[in-house]
Amino acid sequence: MNNNLDKVIIVEGKSDKDKLISILNEPVEIICTNGTMGLSRLEELAIEIENRDVYILVDADEAGAKLRKMLQRELPNAEHLYIHKMYREVAKTPLMYLANILLGARFTVNKECLG
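Just add 305 to the spot in the sequence shown (first one is 1) and you have the numbering used here.
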């Protein structure tokens, strides 16, 4: 964990993380849950990041909804970011669409990603 960074984005997988890294133009810690996360690990994570700005960006599918619910219980102050259901997965969401979601959440993004 890099506790020097103020912002944390929680995603499901490495491909989601890689996509966000290509868009973001500021240092942000991106944590992968790898689809699931045990309750004890989730509680540890909540303690580690409790004083930081936490954002949750998961897939628009049943597994993503289940994970979002778990994260919401442990991280009630986290800001939830949503992709459109037609894209289903963060990794398959167009760069420009994701860049606009991140921009709307006050992240600095690479201008090339905005079209």
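Just so you know, even glycine gets a beta-carbon here, dropped at the ideal spot from N, CA and C.
Only a predicted model underlies this, so the values are computations on that prediction, with no experimental measurement involved.
Exposure of residue i, with buried meaning 16 or more beta-carbon neighbours within 10 Å
i, result
"L407", "buried"
"D364", "buried"
"T338", "buried"
"L372", "buried"
"Y360", "buried"
"E317", "buried"
"I328", "buried"
Residue of the options minimising C-alpha distance to residue i
i, options, result
"I335", "D323, V414, R346 and E349", "D323"
"Y387", "Q377, A410, L362 and L325", "L362"
"K374", "K390, L344 and N330", "L344"
"A368", "E355, K390, E384 and L325", "K390"
Cut-off 8 Å between Cβ atoms - residues of its own chain near residue i, not counting five sequence neighbours on either side
i, result
"Y392", "A365, T398, P399 and Y402"
Whole-angstrom distance between residue j and residue i, CA atom to CA atom
i, j, result
"D311", "A370", "25 Å"
"G315", "E353", "It is worth fixing the name first, because residue 315 is Ile in this sequence and not Gly. Using only the alpha carbons, I get a separation of about 13 Å."
"K416", "A404", "9 Å"
"F412", "R357", "14 Å"
Contacting residues, own chain, Cβ-Cβ under 7 Å from residue i (five flanking each side not counted)
i, result
"S320", "A396"
"N330", "T413, V414 and N415"
Neighbourhood of residue i by C-beta distance below 6 Å, restricted to the same chain and skipping five residues each side
i, result
"E379", "L347 and A351"
Which residues DSSP lists as bridging residue i, in chain order
i, result
"E384", "Y360"
"E334", "V313"
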